[in-house]
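See structure below.
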Amino acid sequence: GAQATSEHLEPGKRELVTHDDIVAWYKSGGEATAAEEMAALLNQLIPGLQPLGQINDSCATTHTPTGRPFVGAIGSDGLFVCTGGNGLAAKSSDEIGRLAALCVLEGWPQGEVALRREDFLPIVLD
């Protein structure tokens, strides 16, 4: 299918297509302009804030076609995945990880969570 180009992405976002793209991005430390914009926003939210220091770095998000994380087995070889936070998993990553661990150790939790297993099944592309 067609690949998005950086001119179609939101400012500060980029599509990392190859392994080399991902490695280079993580080694880059991020974009200085994005760090400056976030510092300015923080200063607007908390006027007079005088931080002792600021650390900025690159990060990446993974996205799934369903908009939900993939949690489950791939094939029958015992390989499990837990991926695809879709840019929304910072607050829920602990619970998503716990759910993934339960799936590996005990299978999908029955009755504990009001989540349908079918909504989180990994989609494997050829």
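To convert, count from 1 in the sequence shown and add 48; that's our numbering.
Glycine included, C-beta positions come from ideal geometry on N, C-alpha and C.
Predicted, not measured: the structure shown is a model, and the values here were computed from it.
Does DSSP put residue i in a helix, in a strand, or in coil?
| i | result |
| --- | --- |
| residue 152 | helix |
| residue 61 | coil |
| residue 147 | helix |
| residue 164 | coil |
| residue 71 | helix |
| residue 66 | coil |
Among the candidates the options, whose CA atom is the shortest distance from the CA of residue i?
| i | options | result |
| --- | --- | --- |
| residue 79 | 148, 129, 118, 108 | 108 |
| residue 106 | 81, 63, 75 | 75 |
| residue 168 | 128, 68, 88, 90 | 128 |
If you draw a straight line from the C-alpha of residue i to the C-alpha of residue j, how long is it?
| i | j | result |
| --- | --- | --- |
| residue 162 | residue 172 | 25 Å |
| residue 170 | residue 94 | 41 Å |
| residue 120 | residue 151 | 7 Å |
| residue 164 | residue 125 | 23 Å |
| residue 130 | residue 102 | 31 Å |
| residue 73 | residue 111 | 17 Å |
| residue 104 | residue 83 | 6 Å |
| residue 142 | residue 157 | 16 Å |
| residue 50 | residue 135 | Because residue 50 carries a pLDDT of 36, less than 50, the predicted location of this residue cannot be relied on, and no value is offered for it. |
What's the call for residue i, buried or exposed, on a 16-neighbour Cβ count within 10 Å?
| i | result |
| --- | --- |
| residue 71 | exposed |
| residue 65 | exposed |
| residue 117 | buried |
| residue 132 | buried |
| residue 148 | buried |
**Study point:** Inside the segment 85–145 only - beta strand (DSSP E) runs reaching at least 3 residues
**Key:** 118–122, 127–131
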